[in-house]
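Encoded as structure tokens, the structure appears first; notes follow it.
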Amino acid sequence: MYDYSRLRLDVVPQHYTLLLEPEFITHTFKGRVDIDLNINGGCDKIVLNANKFTYIKVLALTTNTIKRKRDVYADPSVKKSRPCPGRFKTSDQQLEPQDDLKPVDDPKPEDKPKPEDEPKSEDDPQSADDLKPEDDPKPENDVESTPQLHFSHASLNAKDQDEDAKDHTDNKDEKDDEDDQVEENDKDKKSVDGASSSSQYPTKNKNVFVENKGMVLLRSEWMDPESEEEEEEEKKFPEITPETFEFENDAIISSGDEDEDENVIVSSDEDDLVVNVNDEDDEVDRDDDDSDDVMQVDGADTDSDNDDSATDIDEPENQSGNPGSNSDKSTETVEEMVLSKFENNIDINEVLILAENEVIVITTRSVLVGGKYRLSIEFSGVLDDSLRGFYRTKHIVQGEKKWGAACHFEATGARKCFPCFDQPEFRSTFDIKVKRPNKQMEVISNMCCISVCDEVFTFARSPAMPTYLVCVILGYYDSISRITEDGVRVSCYAKQQETKQVEFALDVSVRALKFYKEFFGVAYPLPKELKYSIILFQCFLKKQYIAEIVCHEIAHMWFGNLVSIEWWDQLWLKEGFATWISFLAVDHMFPEFDIWSDFLVSYRNNALHLDSLENSHPIQVPVIHPAQIDEVFDAISYDKGASIINMLYHWIGEKSFRAGMNRYLVEHKGSSVQTQDLWKSLNFGLEDGMTGVDEVMDLWTTWQGFPKIKVTLVEDKIVLEQMNPGCRKWKLPLRVSLDSGIQTILLQQDPISLTPGSLEHYDEQSLSGKPIKLIIFIGKIISLAYIFNDIKFNFRIELIFILDVRDRVGLLSDTLSFFVIGEETVETVLKLVELYSGETDWAVVDTVVETFRKLEGLVEHTKAWTGFLKLVYRVLESSLERLGWDSKEGEGNMVSSRSAIINILGRFGSANVGGEVSLLFRREERGNGDVSKDIRKSVYCTVARTGGKREFDYFMKKFRQAERSEEKTLYLSVLSSFTNTSLIQEVLEWSLSEEVKLQDRVFLIISVADAGPDSRLAAWRFFKDKISILRTQYTSGGMLTRLVRGVMKNFNSKEDLHEIKAFFKINDLPGAKRTIDQTIEDVENFINLRDKNKESILRYWSGLGEAES
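Going left to right, the sequence shown walks through residues 299 to 1407 as this note's numbering numbers them.
Put into structure tokens, the structure is as follows:
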């Protein structure tokens, strides 16, 4: 039985020809796709992906074979002629798309295949000599080379055809097949532009070249006639055989039966090469847009090829004429060439659309033999607001609302734009055309535009790539460009007249390309004239985050594009790598950002938290349904994946790592890989004696969770050992630093004992003397462990500040993590966090704020609340005092520290902060000076928490007046911060209005849920009440999972937990199942933690005299 969750490899797409026509009045789109397939044979069905189309019609499934022929003539002056008695000989080798514009030599006389021999295909490596370009004149006995052109949808007009053809007016004779002698026939030669010699018909072996930009013209071979008499007749009465030939999508040559009214006309109009066939039975005007209508297949209504009644033929309105053709023009004579021939229309038994599986199943009446086929499908769909597939976008142009379209195809969105084989292991080339409905719009795709005709943009053929990398965008944008040292043009796009906002992004882009080229030893993998990506930025983002985003996306040119993944269980190979290498690149370009501290706080901690849950998953996780695919785009694939790469990098060293990565990229260029391919490549660069990368790293990608290290002091030795549930033992690379000495070790099954003498550069001293700092680095994925004296903390502030920023972050975050999993006490956390009073470094401040947010849920609605608030004020108000309220030049990331501290103190009701915030806001209201941009969001949100209707209307007005999206996002944050019950409900109802964009809707709802206890409950009830609307707007993907997690994550009571479980028991969300399970587990764990530590928390603050009575 066919498993529709993953398509089989017996039908492999080679090339797509895609036309898209969006219509923004009706918010729909239509299109056509022709897919060239390689079928292994032995199957009777073709299964491909499609999702949410309003109309799908399978036009045809045809064979695509090479037919070799000679003596093909088409002359309008010849009204009637005898059919040629010869027949076509088909090569077993199939025609492949040709990317290089190279001439193709005809075989020399001695190399010509005999009739009984199979002619060599271009795919046959042994025939490579036959394809060498020749620019110089050939000896008299040689055959002149035939120009080879590239398949595409480039426009062709009559003028171009004539001018291009003139380059081939002199064609040499071929050696006769029977007597192997070359005859001179110069007097019979006929030029391509229609000029002919005195002979009425050209003799055998005369060449003519129908040249269409974007098409291939190759050699052909005609089978020997059955008798000498028939051959002689053939010379006298040349005729096109009753077959249909097709130059990919652009050129068609057809002929009908022998009768009095037969008329074969080959013509060329501005866009297409059109061939019209008129006879007594059928009059068909056939052009590029509806060429396959002659062989139209619709479901199971098609019978055999010979049954004309079974074929739907769309009769043109004008059957008498021949639009776009020139019947007076002499038709080219074609003597010897290869045509891609679509001669057999395959009988289709039925076409099924399985919506739940997101597939189309096309069943044929007979088993398909191995070979090349073409599948042609028409379709239409809706430009919705789902942010998935091909969706509409809203633009404000000179105050007027206009619509555009954009795409989000990863992981399974391409099937919502066009029927396709939507799996990452299928790499195909693409010819894309997009019809622009408005001349003011930009049309953007993966490749550069090569022509525009009648508002149809034709883009150059893409390299082979998966469907999720296809890009189609229409909208109102301006762009800026820069050319790199290697000649690569880099372009960044922004809203019209806002390109200044992307200048920094463009600078980072150019520098990142250079860094990656030097680091990997592999240059930018696409043609130099191409835009590498489309980047739309919001200027409110910090430069650090803009740099991260740019470097991450450019890294995908190597990880994901140049080398792609076989299946989505290997997602981490591209996302984990792109995440990690983006930090390396940013650190190289902007060391002042201290980017690795941010990595430690955000990425490493996210990975640890999610991976501590039972409902977590290994880095390599089986995925089946498309909804499951979307859910693995999480902190495990990105953050844990990046963290283990960081561990690996520091373990084997930069030199070995770079050598292995170069081998990986070069060896697997243009292919799809698995994790084992990476390990094998990295083994190549290892130093002698090192343990194999695969031997160490396999467990990190296939096991869920992470190891824990126990550090003990035994006499004068430090003992390291793993303490993992289920007796699991990772192979754990460690970098151990004692004072200034660093050593790399591999902790495996058995404990490791370290003595002062076993560490390099160790400054010998007694372990019972002054505190010794032992730092264990595990690539920022496992906790940093510290030893002070007898493995117990001496809670003295001077011991905290001797550590650097990352060490201080690691110490607090790891202590909090061990508390959450029940292996550390709440008293330890409370005592430790108090030592961080006066911190100003952003990474440390962010960790302190996160610690207080976690503790908030433990003490909420308890008698310990007052004591908790006093602790927050003591720690953070001293930090704000050191920072001040005004920004200072050169303070770097302390700008973020100031804003975060004001925001959290405002949340917890600090009187000092509340008073200053009120003064700043009233001053701005009166027009006496705006609040500083650096702290504006924190000031506004603090005002909103205690504000009423007047403040609400003020900020709503600001939102509606804002033109830039970043300004609107700022005011959405502010509007979500109101704690007044009626205003909370008003904001939630307003979130579903057209004023709030779909992507902003999720942000607004979860921001309300995060504002406080009352807001959390209101957001949850709103989510439940509106689930029927929300589940149609967000069917899967990151938006859905963020929404689900956001409205649930802060619950902390058993009543809340019971309500959540009951709701999702009867309301299934397939696209968020794993997220729901993880969040429910997280809430359940937190409730247990709260119950377990309730008394300890009360005792702690009671001892300080700060608990409520």
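C-beta atoms are modelled at their ideal positions from N, C-alpha and C, and glycine is treated no differently. Treat the numbers as computed from the prediction; the structure is a model and nothing was measured.
Residue i, DSSP secondary structure in three states
i, result
"CYS769", "coil"
"GLN312", "strand"
"VAL1449", "Past the boundaries of the shown model lies residue 1449; the chain is included only from 299 to 1407, so the question cannot be answered."
"HIS1356", "helix"
"VAL820", "coil"
"LYS953", "helix"
"SER489", "Here the model assigns SER489 a pLDDT of 35, short of 50, so the residue's position is not dependable, and the following value carries that caveat. If DSSP states are grouped into helix, strand and coil, SER489 belongs with coil."
"HIS915", "coil"
"SER1135", "coil"
"GLY1190", "coil"
"ASN744", "coil"
"CYS790", "strand"
"ALA845", "helix"
"GLU528", "Residue confidence for GLU528 is low, a pLDDT of 41 falling below 50, so the modelled location carries little weight; the figure read from the coordinates is stated next. It is helical."
"CYS1025", "helix"
"TYR300", "coil"
"ASP645", "coil"
"TYR693", "Here the sequence assigns His to residue 693, which means Tyr is not the residue at that position. Residue state, collapsed to three classes: strand."
Given residue i as reference, the closest of the options once Cα atoms are compared
i, options, result
"LEU767", "MET855, ALA1260, GLU816", "MET855"
"LYS793", "VAL806, THR691, ARG787, GLU723", "THR691"
"GLY291", "CYS1239, SER1351, MET763, SER303", "There is no way to answer for residue 291, as the model of the chain reaches only from 299 to 1407."
"LEU1302", "GLY1310, PHE1004, ASP932, VAL1272", "VAL1272"
"ASN1383", "SER678, HIS907, ASN655, LEU673", "HIS907"
"ARG780", "GLU801, GLU796, ILE771, CYS769", "GLU801"
"LYS699", "ILE646, ASP1375, ARG1299, GLU1293", "GLU1293"
"HIS850", "ASN338, LEU811, ILE1378", "LEU811"
"THR1160", "GLN1047, ALA1316, GLU1393, LEU357", "GLU1393"
"ARG1397", "LEU1128, ASP896, ALA1242", "LEU1128"
"LEU804", "LYS841, GLU1214, LYS1015", "LYS841"
"ALA1316", "GLN1283, VAL1342, LEU860", "GLN1283"
"GLY1344", "ILE1364, ASN1278, THR1330, ALA1370", "ALA1370"
"CYS769", "LEU1174, SER743, ARG759", "SER743"
"LEU318", "THR710, SER684, VAL657, LYS733", "LYS733"
"GLY1155", "GLU796, ILE1385, THR1126, LEU1181", "ILE1385"
"SER1263", "HIS693, GLY679, GLY951, THR326", "HIS693"
"ASN1191", "PHE891, LEU652, LEU685", "PHE891"
"VAL1211", "VAL657, ILE1199, GLU654, ARG1220", "ILE1199"
"ILE344", "SER862, TYR302, PHE322, SER914", "TYR302"
Cβ-heavy atom distance, residue i to the ligand MG, below 7 Å
i, result
"TYR1252", "The model depicted lacks the ligand MG and carries no ligand whatsoever."
For residue j and residue i, believed in contact at Cβ under 8 Å, the rounded distance
i, j, result
"GLY858", "ASN960", "Rounded, the Cβ-Cβ distance is 17 Å, inconsistent with contact."
"LEU997", "VAL991", "About 12 Å separates the two Cβ atoms, so there is no contact after all."
"ARG713", "ASN336", "At roughly 20 Å, the Cβ-Cβ gap does not stay under 8 Å, so ARG713 and ASN336 are not in contact."
"LEU307", "PHE728", "No, LEU307 and PHE728 are not in contact; Cβ-Cβ is about 20 Å, not under 8 Å."
"LEU359", "TYR791", "No, LEU359 and TYR791 are not in contact; Cβ-Cβ is about 39 Å, not under 8 Å."
"GLN1297", "MET1337", "7 Å"
"ASP928", "SER1208", "That pair is no contact at about 41 Å."
"ASP867", "VAL808", "Rounded, the Cβ-Cβ distance is 35 Å, inconsistent with contact."
"LEU824", "PRO722", "That belief does not hold up - the Cβ atoms of LEU824 and PRO722 are roughly 18 Å apart, past 8 Å."
"SER777", "THR756", "Going by Cβ atoms, the distance from SER777 to THR756 rounds to 20 Å, so no, they are not a contact pair."
"THR1113", "LEU1101", "Not quite, the Cβ-Cβ distance comes to about 13 Å (not below 8 Å), so this is no contact."
Check whether the stretch 934-946 and the stretch 900-920 touch, using three or more Cβ-Cβ pairs below 8 Å as the test. Touching, per the Cβ criterion.
Evaluate contact between the stretch 1164-1179 and the stretch 1197-1207, counting only Cβ atoms and requiring at least three cross-stretch pairs below 8 Å. Between the stretch 1164-1179 and the stretch 1197-1207, the count of C-beta pairs closer than 8 Å reaches three or more; the two stretches touch.
Three-pair Cβ contact test at 8 Å for the stretch 865-874 versus the stretch 884-892: Between the stretch 865-874 and the stretch 884-892, the count of C-beta pairs closer than 8 Å stays below three; the two stretches do not touch.
How about the stretch 316-332 and the stretch 660-668: do they share at least three Cβ pairs that are nearer than 8 Å? Contact between the stretch 316-332 and the stretch 660-668 is absent, because fewer than three Cβ pairs lie under 8 Å.
Counting pairs of Cβ atoms below 8 Å between the stretch 1272-1291 and the stretch 1313-1326, do you hit three or more? Taking 8 Å as the limit for Cβ pairs, the verdict is that the stretch 1313-1326 does touch the stretch 1272-1291.
Are there three or more Cβ pairs, one per stretch, closer than 8 Å when the stretch 1252-1263 is compared with the stretch 1321-1341? Between the stretch 1252-1263 and the stretch 1321-1341 there are fewer than three inter-stretch CB-CB distances shorter than 8 Å, so the stretches are not counted as touching.
Are the stretch 1138-1153 and the stretch 1097-1114 touching by the rule of at least three beta carbon pairs closer than 8 Å? Segments in contact, yes.
Flag this pair as touching only if the stretch 918-931 and the stretch 945-964 have three or more C-beta atom pairs under 8 Å; answer yes or no. Look at the beta carbons and you see the stretch 918-931 not touching the stretch 945-964: under three pairs across the two are nearer than 8 Å.
Assess, as a yes-or-no matter, whether the stretch 706-726 is touched by the stretch 348-355 under the definition of 3 or more beta carbon pairs within less than 8 Å. Remark: three or more beta-carbon pairs, one from each stretch, lie closer than 8 Å, so the stretch 348-355 and the stretch 706-726 are flagged as touching.
Could you tell me which whole beta strand (DSSP E) segments of length 3 or greater appear in the stretch 969-1004? With a minimum length of 3 residues, the continuous beta strand (DSSP E) runs that stay inside the stretch 969-1004 are 969-971.
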